[in-house]
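Number of protein chains: 2
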Amino acid sequence: MNERMTVPANLQAESNTTINARNLELESIDFFVRLMSMLGMPRSVGEIYGLLYFSKDSLPMDQIASRLGISIGSASQGLRTLRSLKAVRTAYVAGDRRDHYFAETEFRRLFSNFIKDEIMPHLDSAKDRISRMEKSLPEQSPEEDEFYAVRIEKLRRLTKAGGRLLPALAGLLKL
Amino acid sequence: MNERMTVPANLQAESNTTINARNLELESIDFFVRLMSMLGMPRSVGEIYGLLYFSKDSLPMDQIASRLGISIGSASQGLRTLRSLKAVRTAYVAGDRRDHYFAETEFRRLFSNFIKDEIMPHLDSAKDRISRMEKSLPEQSPEEDEFYAVRIEKLRRLTKAGGRLLPALAGLLKL
DNA sequence: TGCTTATTTCATTTTTTTTTGAAATGAATG
DNA sequence: CATTCATTTCAAAAAAAAATGAAATAAGCA
Chain V
3 MNERMTVPAN LQAESNTTIN ARNLELESID FFVRLMSMLG MPRSVGEIYG
53 LLYFSKDSLP MDQIASRLGI SIGSASQGLR TLRSLKAVRT AYVAGDRRDH
103 YFAETEFRRL FSNFIKDEIM PHLDSAKDRI SRMEKSLPEQ SPEEDEFYAV
153 RIEKLRRLTK AGGRLLPALA GLLKL
Chain C
3 MNERMTVPAN LQAESNTTIN ARNLELESID FFVRLMSMLG MPRSVGEIYG
53 LLYFSKDSLP MDQIASRLGI SIGSASQGLR TLRSLKAVRT AYVAGDRRDH
103 YFAETEFRRL FSNFIKDEIM PHLDSAKDRI SRMEKSLPEQ SPEEDEFYAV
153 RIEKLRRLTK AGGRLLPALA GLLKL
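Going down the list, the sequences are from chains V and C.
Take any residue in the first sequence, note its place counting from 1, add 2, and you have its number in the working numbering.
Take any residue in the second sequence, note its place counting from 1, add 2, and you have its number in the working numbering.
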């Protein structure tokens with residue numbers, strides 16, 4: 003029992019539509035916490051995006067933090083991550099010097115950024131590692147050579163396919 | 003300094019080809035530790051697969067554990083994970099009652115299993131969550147309705163696209 | 001410029017995840 | 001069927017990741 007809640011439950015008796023809006027928000031946060039965590043992002047990043055996704059107005063950092071019940075430190079770091087993925091942007095609000103954040107909702111763009119920033123660098127360094135493997139090939143009988151050569155070739159194909167397919171994938175997202 | 007080593011470095015002076023084979027092994031372990039960790043798998047799982055990937059003979063669990071310097075508990079758990087993804091299989095070795103493991107090297111199959119086991123269940127439950135969102139729609143002005151409806155529709159498209167594209171992706175891997 | 005408020009940074013704490021190790025279970029062999 | 005060896009299980013320890021909170025910095029305003 004007592005599973006960790008996805009969201010703080012400090013919800014007061016309010017009008018029906020307010021309660022419903024809050025429910026929607028909670029479901030949204032839940033949704034994106036899970037999605038982001040599949041992509042290796044910390045909970046706070048999913049929470050922030052989930053909150054902004056169904057928010058009509060853009061929100062300043064301190065409101066994001068208090069609404070989610072997280073520290074401003076977390077909020078700052080989470081927003082930094084989201085900004086670097088271009089998953090949130092800032093809006094100017096007259097007469098308020100705080101930055102106001104809102105969610106970028108074009109998933110195609112989001113994934114394409116994610117792939118470029120989080121996946122491709124790994125694929126690049128994988129190529130170097132494969133080259134190093136080739137230098138360590140234990141030259142023995144031709145038959146054994148074959149075994150290692152085939153396996154290295156498979157890794158080459160894998161990284162090559164990843165490098166082509168993943169960026170293409172984002173393009174296929176007609177959202 | 004002193005970054006955590008990917009692999010135990012207890013390597014004795016041996017023949018040149020043995021040293022090279024060991025280098026290859028270390029690079030392979032490094033490679034798969036990183037790849038698996040991108041997919042959310044623990045280090046030990048990557049280590050085991052990396053070891054087996056360049057092993058000509060299939061290996062029993064205790065040898066896997068000692069060669070990697072991990073506990074047999076870890077080895078057992080890691081092998082369970084790899085078995086469930088069909089990333090390793092067992093071979094019979096006459097006169098030895100231990101199971102002998104070797105790596106499945108068809109990446110197409112591996113990814114297809116991974117997507118089926120690790121991704122699709124999440125997509126399925128995402129659909130439920132979206133339905134629940136719709137029930138919480140805060141009916142207000144038609145203009146506001148529109149805002150929420152559009153965002154929910156985007157989530158629908160996203161999960162639908164994921165459900166179609168990801169399995170197709172594995173099929174495109176002509177490795 | 002000096003003051004106020006917003007934001008970032010980062011050492012420390014907390015939480016979560018992974019590994020260990022030892023006991024329990026299972027499975028083959030004599 | 002008892003013994004030995006292989007494997008699993010799981011509570012506890014260790015390691016890794018994330019969140020906090022307070023000090024430092026930055027940025028707007030008067």
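C-beta: ideal position from N, C-alpha, C; glycine also.
Here the structure is a predicted model, which is why all the values come from computation and not from measurement.
{"Asked": "Can you give me the Cβ contacts of Val-47 of chain V inside the same chain, cut-off strictly under 7 angstroms, excluding the 5 residues immediately before and after it?", "Found": "Met-38, Gly-80, Thr-83, Leu-84"}
{"Asked": "Report yes or no: is there a C-beta of chain C within less than 9 angstroms of the C-beta of Thr-83 of chain V?", "Found": "no"}
{"Asked": "Would Phe-104 of chain C count as contacting chain V if we go by Cβ distances under 9 angstroms?", "Found": "no"}
{"Asked": "In chain order, what residues of the same chain have a beta carbon less than 7 angstroms from the beta carbon of Leu-158 of chain C, not counting five sequence neighbours either side?", "Found": "The amino acid occupying residue 158 of chain C in the given sequence is Arg; Leu does not appear at that position. These residues qualify, in order along the chain: Ile-132."}
{"Asked": "Taking only beta-carbon atoms, is Phe-116 of chain V less than 9 angstroms away from chain C?", "Found": "no"}
{"Asked": "Whole angstroms are fine: how far does the CA of Glu-49 of chain V sit from the CA of Asp-193 of chain V?", "Found": "Given a span of 3 to 177 for chain V in the structure shown, any question on residue 193 of chain V remains unanswerable."}
{"Asked": "At which residues does the beta strand (DSSP E) containing Phe-104 of chain V begin and terminate?", "Found": "102–105"}
{"Asked": "Under DSSP, the beta strand (DSSP E) around Arg-110 of chain V begins and ends at which residues?", "Found": "Element bounds for Arg-110 of chain V: not the beta strand (DSSP E) but the alpha helix (DSSP H), 109–116."}
{"Asked": "Answer yes or no: do Met-122 of chain V and Gly-165 of chain V have a C-beta to C-beta separation smaller than 9 angstroms?", "Found": "yes"}
{"Asked": "Would you tell me roughly how many angstroms separate the C-alpha atoms of Val-90 of chain C and Asp-59 of chain C, rounded to the nearest one?", "Found": "13 angstroms"}
{"Asked": "Starting from Arg-91 of chain V, follow the beta strand (DSSP E) in both directions and report where the run begins and ends.", "Found": "90–93"}
{"Asked": "Thinking C-beta only, is Tyr-150 of chain V closer than 9 angstroms to Phe-2 of chain C?", "Found": "The structure shown does not extend to residue 2 of chain C, since chain C spans only 3 to 177, so no value can be given for it."}
{"Asked": "Name, going along the chain, the residues of the segment 29–61 of chain C whose beta-carbon falls closer than 8 angstroms to a beta-carbon of chain V.", "Found": "Glu-29, Ser-30, Asp-32, Phe-33, Arg-36, Leu-37, Met-40, Gly-42, Tyr-55, Phe-56, Lys-58"}
{"Asked": "DSSP beta-bridge partners for Pro-62 of chain C?", "Found": "C:His-102"}
{"Asked": "May I ask you to list, following chain order, the residues of the segment 73–102 of chain V that have a beta carbon less than 9 angstroms from some beta carbon of chain C?", "Found": "none"}
{"Asked": "Residue range of the alpha helix (DSSP H) that Ala-151 of chain V falls in?", "Found": "144–174"}
{"Asked": "Assign Gly-52 of chain V to buried or exposed, taking buried as 16 or more other Cβ atoms, counted over all protein chains shown, within 10 Å of its Cβ.", "Found": "buried"}
{"Asked": "When you compare the segment 109–116 of chain C with the segment 86–100 of chain C, are there three or more beta-carbon pairs, one atom per stretch, that lie closer than 8 angstroms?", "Found": "yes"}
{"Asked": "Going by C-alpha to C-alpha distance, which of C:Asp-98, C:Arg-153, C:Gln-142, C:Glu-120 sits closest to Thr-20 of chain V?", "Found": "C:Gln-142"}
{"Asked": "Tell me whether the beta-carbon of Ser-73 of chain C lies closer than 9 angstroms to the beta-carbon of Asn-22 of chain V.", "Found": "no"}
{"Asked": "Let me know the secondary structure DSSP gives Ser-30 of chain C once reduced to three states.", "Found": "helix"}
{"Asked": "Between C:Ser-17, C:Ser-30, C:Asn-18, which has its C-alpha nearest Asp-130 of chain V's C-alpha?", "Found": "C:Ser-30"}
{"Asked": "Can you name the start and end residues of the alpha helix (DSSP H) that Asp-126 of chain C belongs to?", "Found": "122–137"}
{"Asked": "Going by the beta-carbon positions, is the gap between Leu-54 of chain C and Glu-120 of chain C smaller than 9 angstroms?", "Found": "no"}
{"Asked": "Whose C-beta lies closer than 7 angstroms to the C-beta of Ile-154 of chain V among residues of the same chain, with five residues either side of it excluded?", "Found": "Ile-132, Met-135, Glu-136"}
{"Asked": "Using a threshold of 9 angstroms, state whether the C-beta atoms of Leu-171 of chain V and Leu-61 of chain C are closer than that.", "Found": "no"}
{"Asked": "For Thr-2 of chain C, tell me which candidate among V:Ser-76, V:Asp-64, V:Leu-175 has the shortest Cα-Cα distance.", "Found": "Past the boundaries of the shown model lies residue 2 of chain C; chain C is included only from 3 to 177, so the question cannot be answered."}
{"Asked": "Can you give me the start and stop residues for the alpha helix (DSSP H) that Gly-52 of chain V sits inside?", "Found": "45–55"}
{"Asked": "Can you give the Cα-Cα distance for Pro-140 of chain C and Gly-173 of chain C, rounded to whole angstroms?", "Found": "42 angstroms"}
{"Asked": "Please state the DSSP three-state secondary structure of Ile-72 of chain C.", "Found": "coil"}
{"Asked": "Could you check if Arg-45 of chain C is buried or exposed, using at least 16 other CB atoms within 10 Å of its CB as the buried criterion?", "Found": "buried"}
{"Asked": "Could you name the residues of chain V that Lys-129 of chain C contacts, counting a contact when the two beta carbons are closer than 8 angstroms?", "Found": "In chain order: nothing, as chain V lies at least about 11 angstroms away."}
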